[in-house]
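I have placed the structure first, in the form of structure tokens, so that the comments after it can refer back to it.
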Amino acid sequence: MKYDVKSMKAEEFINDGEILDTIAYAKAHKDDMALIDEIIEKAKLRKGLTHREASVLLACDDEDKVNEIYDLAEQIKKDFYGNRIVLFAPLYLSNYCVNGCLYCPYHAKNKTIPRKKLTQEEVKKEVIALQDMGHKRLAIEAGEDPVNNPIEYILDCIKTIYSIKHKNGAIRRVNVNIAATTIENYKKLKDAGIGTYILFQETYNKKNYEYLHPTGPKHNYDYHTEAMDRAMEGGIDDVGIGVLFGLDNYEYEFAGLLMHAEHLEAVHGVGPHTISVPRVKHADDIDPDEFDNSLSDEMFCKIAAIIRIAVPYTGMIISTRENQEVREKIIRLGVSQISGGSRTSVGGYTEKERPHDTEQFDVSDNRTLDEVVNWLMRNDYIPSFCTACYREGRTGDRFMALCKSGQIQNCCHPNALMTLKEFLMDYASEDTRKIGEEMIQKEIGTIPKEKVREIVKERLVKIENGDRDFRF
Ligand code: SAM
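Residue numbers (my numbering): 51 to 522.
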């Protein structure tokens, strides 16, 4: 097998030999300061880095250079994403699963976990609970089970979610995290109006992948790895990739992730919309210590910073798998989206107390959405509930073009302020509202175009008077 970024075969675009050579090259050059400076200079052009270049930076442990990388990551994040953080919540639909994933408590052989699948009436109740928190954007999650969770079930759930209008609430973007499927099914998801299709690779190392997925359709590495190509062929422009850090060594996963992004860009003309960086967590019958590739918080942050400078136009997502402290560090280095107030069990949002029986993993950040919004603003970030891009047709290369042109500040920034205003009016605690109003007043002044600024001011008054859902 030879490495070919444009090949449609998994083992050619994620090529084991190329990854091993990359890791060896990175190790050999980790103290080559001239090369490292050259790579950092290239990153400053904000056009990204290759997997090889990025891997050299990952291997470099010179403190000054690492700090330089952190500063650059922070600057690039500011340039492309400003100080906005988009918020979302996962919605678990069903934990029926026929796969045998060794790290996931939903694996078919787990007899201790209760199996549950939401009815449409239950989906409705969950969505109302999520709307009452203030969420506008969901990521739906389900195990793989052609009998219990066929594509028709997922489509019904999406329809139900979009149909619910409770008080001023609405879910305006449904992202989908379900198992790899066929082009026909991706077309159906596209027609159902989904936002991003998300699928984590788990690990890019084929041998380890097959070991970790011993049974079920997910065992097929090639089918799983080529899923994003099928999704794009099915018309889904925005795809979200990720690995489950801890399953294999991070150098391998890091190179694989970037090679995957390079492949999507080379073949489809547009890279991944988002990259997620989950780490393996404790769960029912899962002990994360059984996987001996866990990585330190420090290395985790370094990975995020280098992803930021290697793929500047790709959003980065961090979930409540991480605690407040880690989230605080890593957001600064390049994360653009976080979940908040999450429950990772099927039917979890309608329970008063956090239920643990059907949880997919333990949550480390247990704060409410209002607390997360408050904390973000106290750290000078604008919490954004914006869902405008895909609703305005700004997906795939059109979104990337907007991002590259720097026009995002006239578009995403006002949208963030207007959706934050909605949150403050409808769902926030008194303290959050107070801080939020001050933030909005301060941030209006940073909208570059005067005309846009004036329109935003008018719309903020309209939101105050009861109108909703303005967007640029
Ligand atoms: N079942 C779908 C599939 O096959 O891709 C995806 C949905 S699954 C509910 C979402 C993700 O949770 C998985 O892709 C995996 O990376 C992650 N996950 C599974 N077990 C985990 C654990 N113990 N700790 C942290 N994340 C986990």
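Cβ coordinates follow ideal geometry from the N, Cα and C atoms, glycine included. These numbers come from a predicted model, not from an experiment.
Item	Value
V330: which of H318, P322, H406, N343 sits nearest, CA to CA?	N343
Are the beta-carbon atoms belonging to E303 and Y271 less than 9 Å from one another?	no
Identify whether G266 lies in helix, strand or coil by the three-state DSSP scheme.	coil
Let me have the residue list for the ligand SAM: C-beta closer than 6 Å to any non-hydrogen atom, ordered along the chain.	Y153, C154, E191, G193, E194, N227, I228, A229, L249, F250, E252, K268, L294, P328, V330, K331, A333, I336, R371, Q410, F411
Taking T169 as the reference, give the member of Q491, V385, N199 with the closest Cα.	N199
Could you check the C-alpha separation between I286 and T246 for me, to the nearest Å?	8 Å
Which partner residues of K167 appear in the DSSP bridge assignment?	S144
Once you ignore the five residues that flank R444 on each side, which residues in its own chain have a CB closer than 8 Å to its CB?	A438, L452
Could you tell me which residues DSSP puts in a beta bridge with E252?	V293
Please classify S161 as buried or exposed, where buried requires at least 16 neighbouring CB atoms within 10 angstroms.	The amino acid at residue 161 is misidentified as Ser; the sequence shows Lys. Looking at its Cβ environment, which holds fewer than 16 other Cβ atoms inside 10 Å, K161 is exposed.
What is the DSSP secondary structure of G516, counted as helix, strand or coil?	coil
If you follow the alpha helix (DSSP H) that R428 is in, where does it begin and where does it stop?	419–428
Pick helix, strand or coil for F350, following the three-state DSSP scheme.	helix
Does DSSP put M51 in a helix, a strand or coil?	coil
Whose C-beta lies closer than 8 Å to the C-beta of K379 among residues of the same chain, with five residues either side of it excluded?	D347, C351
What is the DSSP secondary structure of I35, counted as helix, strand or coil?	The structure shown does not extend to residue 35, since the chain spans only 51 to 522, so no value can be given for it.
Start and end of the alpha helix (DSSP H) containing G495?	Looking at the DSSP string, G495 is not in any alpha helix (DSSP H), and its letter there is neither H nor E.
In whole angstroms, what separates the C-alpha of F435 from that of D337?	35 Å
So what's F522 in DSSP terms, helix, strand or just coil?	coil
Quick one: measure Cβ to Cβ for A76 and I356, integer angstroms, because I've assumed they're closer than 8 Å.	Wrong, their Cβ atoms sit about 11 Å apart, outside the cutoff.
Which runs of the beta strand (DSSP E) fall wholly inside the stretch 425–466 and span at least 3 residues, in chain order?	432–434
Compute the Euclidean distance between the alpha carbons of K268 and K501, then round it to the nearest angstrom.	51 Å
Taking the beta carbon of Y300 as the centre, do at least 16 other beta carbons fall within 10 Å, making it buried, or is it exposed?	buried
Whole-angstrom Cβ separation of C207 and L143, contact assumed at under 8 Å?	5 Å
Would you identify the three-state DSSP class for L99, choosing helix, strand or coil?	coil
Is it the case that the Cβ atoms of Q387 and I190 are separated by a distance below 9 Å?	no
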